[in-house]
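2 protein chains.
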Amino acid sequence: MAVKEKRVRRKPEEARALILDAAEKSMVADGPAGIRLQDVAKAAGVSHPTILHHFGSREGLVRALNTRTLEDFRAALLANMKATTGNGDDGIALSFAMYRNGLAQRMLWHLQANEDPKGRLDIFDSIVDALHELRKNFARPGHEPDIADTRNVVHMVTVAALGDALIGSRLRQAGEKEREAGAAFEKWFSDLITLFMTAKA
Amino acid sequence: MAVKEKRVRRKPEEARALILDAAEKSMVADGPAGIRLQDVAKAAGVSHPTILHHFGSREGLVRALNTRTLEDFRAALLANMKATTGNGDDGIALSFAMYRNGLAQRMLWHLQANEDPKGRLDIFDSIVDALHELRKNFARPGHEPDIADTRNVVHMVTVAALGDALIGSRLRQAGEKEREAGAAFEKWFSDLITLFMTAKA
DNA sequence: ACAACTACCTACAGTATTGTCAACAGTGAG
DNA sequence: CTCACTGTTGACAATACTGTAGGTAGTTGT
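Listed below in structure tokens is the structure:
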């Protein structure tokens, strides 16, 4: 017969993180509507009332999930900006990399849940500003680069990286290894932007 | 007191389409997991057993929804290719336009539901081929354009159009009118590709 | 050691959701 | 007109899901 497990008692933050990790998988796979407390509980190794204890309600869990998604997104963006030294190449690669692990899907749900469109816009504004400063350094003397171009580049990189994270692997050729084919596209994309930047410098 | 409505009797295809239209809204908003027969029934103006009569089960409804999504997607792509005369500009605009009305979200769910990655790949192969023929016509004499470039362009346009359909409006500046800002980006994007194409011709 | 605190659990209640059934009612063929 | 066919429905059954209640058991501070 089964030996009775000693009951574990975690620190609240630990338990919350454990549960959020499990819930995140449901979220990415099926969206917020697909989250079942029983399923999440089983995946996290707790009973479902424990989830309610920590998050108050199913709704509270979903809210916490979306909050963490936004935090992850901001963190990924900031890390991205810090790591980008200036040559541009790594900025593209990082933009594509940051969406891995379902962050693309999660952000989609976050945006759908929060009709309020502000808070994330200023992040993009600051990215545009930072990139524009970089462009000024590479511009030919006496030539001011167009801010609209900078904005469009950031917009393009953002939507392309998101789109690639979501469906990129489905578009690659049958025989290709995902890893290499993805990297090849990123390289090509990066070169394209370099081409554009120098042409417009 | 409420007058008793005369019971309507539709043709099967008509009823199915009516129900699918209603279910599609739930699908786009909340994903397949968010579909509730009662909700769909109310939205479609039928009782929920009617849905089961036509689709067998909830699962059957979702399958029918995904099937129709793929059909819509193929139709949109084909219409897109036919309408593209050759200058390239309209191809971009159409690529962005075809994802409107939630087709982007729906395709995402379709892909997630169908692990099988083939059937859609050949569509893209034929698009790549078609575009490559076009490129050959504009190449300088004796110069063969690189097929990898063509593939990458198609890949980029596809992921960018999808990404823009999903989150584009959230990235635009606060004051901008969605319609115009979107069109401006499409124009800029189109010019970028033209720039690249001529540089590589 | 013990007392307060609270993370955790089992059992249960109430509601929501899918699916079944039998009957009803348009529709078209003969 | 009559009848077979089937789209449609309300009522019901079975299950799934969220949330509550009350008690158990680690942990921490005194």
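As they're listed, the protein sequences go chains A and B. First residue of the first sequence? That's 7 in this note's numbering, and the numbers climb one at a time after it. First residue of the second sequence? That's 7 in this note's numbering, and the numbers climb one at a time after it. By construction, the Cβ of each residue, glycine as well, lies at the ideal position given by its N, Cα and C atoms.
query, result
"In or out: B/R157 buried (at least 16 other Cβ within 10 Å) or exposed?", "buried"
"How would you list, in chain order, the residues of chain A whose beta-carbon sits under 7 Å from the beta-carbon of B/A166?", "M162, V165, A166 and G169"
"Run through chain B and tell me which residues come within less than 8 Å of A/D36, C-beta to C-beta.", "G37, P38 and A39"
"Evaluate contact between the segment 189 to 205 of chain A and the segment 166 to 176 of chain B, counting only Cβ atoms and requiring at least three cross-stretch pairs below 8 Å.", "no"
"Taking only beta-carbon atoms, is A/G97 less than 9 Å away from chain B?", "no"
"Cβ closer than 7 Å: which chain B residues qualify as neighbours of A/G148?", "The premise fails here: A/G148 is roughly 23 Å from chain B at the closest Cβ pair, so nothing lies under 7 Å."
"Along chain B, which residues have their Cβ under 9 Å away from the Cβ of A/G108?", "In chain order: nothing, as chain B lies at least about 11 Å away."
"Excluding the 5 residues preceding and the 5 following A/M113 in the sequence, name in chain order all residues of the same chain whose CB lies nearer than 7 Å to its CB.", "T75 and F79"
"Among the residues of its own chain, which have a CB less than 6 Å from the CB of B/A28, if the five just before and after it don't count?", "V46, A49 and A50"
"Can you tell me where the alpha helix (DSSP H) with A/K31 in it begins and where it stops?", "P18 to D36"
"Alpha carbon to alpha carbon, what distance is there between B/R141 and B/P151?", "7 Å"
"With 7 Å as the limit, tell me which residues of the segment 174 to 202 of chain A have their beta carbon closer than that to any beta carbon of chain B; keep them in chain order.", "G174, R176, L177, A180, F191, W194, F195, L198, L201 and F202"
"Does the CB of A/R157 have a neighbour CB from chain B at under 9 Å?", "yes"
"With A/H54 and A/L67 assumed to form a contact (beta carbons below 8 Å), what rounded beta-carbon distance in angstroms separates them?", "About 11 Å separates the two Cβ atoms, so there is no contact after all."
"Could you pull the start and end residues of the alpha helix (DSSP H) that B/G188 belongs to?", "E184 to K206"
"Is the distance from the Cβ of B/A39 to the Cβ of A/A82 below 9 Å?", "no"
"Does DSSP put A/K48 in a helix, a strand or coil?", "helix"
"Using alpha carbons as the reference points, say which of A/W115, A/D96 and A/N107 lies closest to A/A189.", "A/D96"
"Between A/A23 and A/I57, what straight-line distance do the alpha-carbon atoms span, to the nearest angstrom?", "11 Å"
"Could you check whether B/D170 and A/H2 sit closer than 9 Å to each other, using their CB atoms as the reference points?", "For chain A, the structure presents residues 7 to 207; residue 2 of chain A sits outside this window and is missing."
"Under 7 Å between beta-carbons, which chain B residues line up against A/A28? List them in chain order, please.", "Here the premise fails: no neighbours, minimum Cβ distance about 16 Å."
"Using a Cβ cut-off of 9 Å (strictly closer), state whether B/M113 contacts chain A.", "yes"
"Run through chain A and tell me which residues come within less than 8 Å of B/F144, C-beta to C-beta.", "Those within 8 Å of B/F144 in chain A number zero; the least Cβ separation is about 18 Å."
"I need the boundaries of the alpha helix (DSSP H) containing B/Q111, first residue and last residue.", "L109 to A119"
"Any residues in the segment 65 to 85 of chain B with a beta carbon nearer than 8 Å to a beta carbon of chain A? Which ones, in chain order?", "none"
"One question on the structure: do A/T118 and B/A35 come within less than 9 Å of each other, judged by their Cβ atoms?", "Rather than Thr, the amino acid found at residue 118 of chain A in this sequence is Gln. A contact, by the Cβ cut-off of 9 Å."
"Let's see if you can read the secondary structure: which residues bound the alpha helix (DSSP H) around B/D78?", "R64 to A89"
"At 8 Å on the CB atoms, spell out the chain B contacts of A/F130, in chain order.", "L177"
"Grab me the residues of A/F144's own chain with a C-beta within less than 6 Å of its C-beta, minus the 5 sequence neighbours each way, in chain order.", "A207"
"So, is the C-beta of A/L117 closer than 9 Å to a C-beta in chain B?", "yes"
"Following the continuous alpha helix (DSSP H) through B/P151, name the residue where it begins and the one where it ends.", "That residue, B/P151, is in no alpha helix (DSSP H); it is neither H nor E in DSSP."
"For chain B, check one thing: does any of its Cβ atoms lie closer than 9 Å to the Cβ of A/A136?", "no"
"Kindly indicate if chain A contains any beta-carbon less than 9 Å away from that of B/A205.", "yes"
"Rounded C-beta distance between B/I98 and B/S196? I'm assuming under 8 Å.", "4 Å"
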